[in-house]
Amino acid sequence: MESRLRHRFFDPVRSLKGAGIHSGQEVLEVGCGTGFFTIPAGALVGDSGRIYAIDPQPLAIKGVAKKVRDAGLTNIRLIRTDATEAGLARSSIDLVLLFGVIPSPTLPLDRLLPETHRLLRSAGSLSVWTLFPWWSPASLARGGLFVYVGKKSGVHNFRKVDQERLVEK
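The numbering of the sequence shown is our numbering, which starts it at 2 and goes up by one.
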């Protein structure tokens with residue numbers, strides 16, 4: 002999926018900015034694939050931020066590792082794992098990117114969303130970019146873990162619902 006044509010029609014920087022990515026953030030990219038979004042994301046978070054790019058496919062991790070080295074980026078950590086059990090610390094992530102990975106029968110939302118919620122800090126965000134125009138953001142807001150905040154540059158953005166505050170009310 003890496004081609005000039007893809008870059009022409011889908012500007013990764015525009016999409017990442019639509020997700021609200023900025024310098025200093027800790028970002029989890031679920032399903033890094035070819036690194037189409039990974040490399041620009043690493044540049045956008047800068048030296049004070051970090052990208053955790055995960056993918057279950059060893060060839061994807063290997064291919065992106067080469068691109069990371071070629072780009073001279075030191076703020077990207079590649080992890081071969083399943084997104085439903087990312088293995089990262091609770092409340093350690095500012096932004097989770099689900100770019101081009103949902104809807105997918107191999108990525109069950111009933112397991113992905115609780116793990117994503119666990120990883121995000123209290124003010125954390127979840128951003129979804131999908132090729133499917135019929136996809137509805139309601140599918141992610143349904144479980145009460147996230148609230149939809151809008152769409153920017155083709156990216157659907159959600160805010161984490163703080164479960165402890167809900168219990169207190």
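Quick reminder that beta carbons are idealized off the backbone N, C-alpha and C, glycines included.
Leaving out the 5 sequence neighbours to the left and right, which residues in its chain are closer than 8 Å to residue i when beta-carbon positions are compared?
i: proline 109; result: Thr85
i: alanine 142; result: Val148, Tyr149, Phe159
Is it true that the CB of residue j sits closer than 8 Å to the CB of residue i?
i: valine 162; j: glycine 145; result: yes
i: tryptophan 136; j: glycine 101; result: no
i: glycine 19; j: valine 156; result: yes
i: arginine 81; j: aspartate 56; result: yes
i: glutamate 27; j: isoleucine 94; result: yes
i: lysine 68; j: glycine 21; result: no
Let me know the secondary structure DSSP gives residue i once reduced to three states.
i: aspartate 111; result: helix
i: arginine 15; result: helix
i: leucine 89; result: coil
What does a CB cutoff of less than 6 Å around residue i pick up in its chain, not counting 5 residues either side in sequence?
i: valine 97; result: Leu29, Thr117, Leu127
How many whole angstroms separate the CB atoms of residue i and residue j, which I take to be in contact at a CB cut-off of 8 Å?
i: valine 14; j: threonine 39; result: Not a contact, Cβ separation roughly 12 Å.
i: leucine 121; j: serine 92; result: 7 Å
i: alanine 1; j: isoleucine 77; result: In the structure displayed, the chain extends from 2 to 170; residue 1 sits before or after that span and is not available.
Residues in its own chain within less than 7 Å of residue i by CB, not counting five upstream and five downstream?
i: arginine 160; result: Ser126, Phe147, Val148, Val150
i: leucine 17; result: Phe38, Pro41, Ala42, Leu45
List, from N- to C-terminal side, the beta strand (DSSP E) runs of 3 residues or more that fit wholly inside the stretch 120-165. Whole beta strand (DSSP E) segments, 3+ residues: 121-130, 147-153, 156-161.
Enumerate, from N- to C-terminal direction, the unbroken alpha helix (DSSP H) stretches of 4 or more residues contained entirely within the stretch 43-100. Listed in chain order, the complete alpha helix (DSSP H) runs (minimum 4 residues) inside the stretch 43-100 are 59-72.
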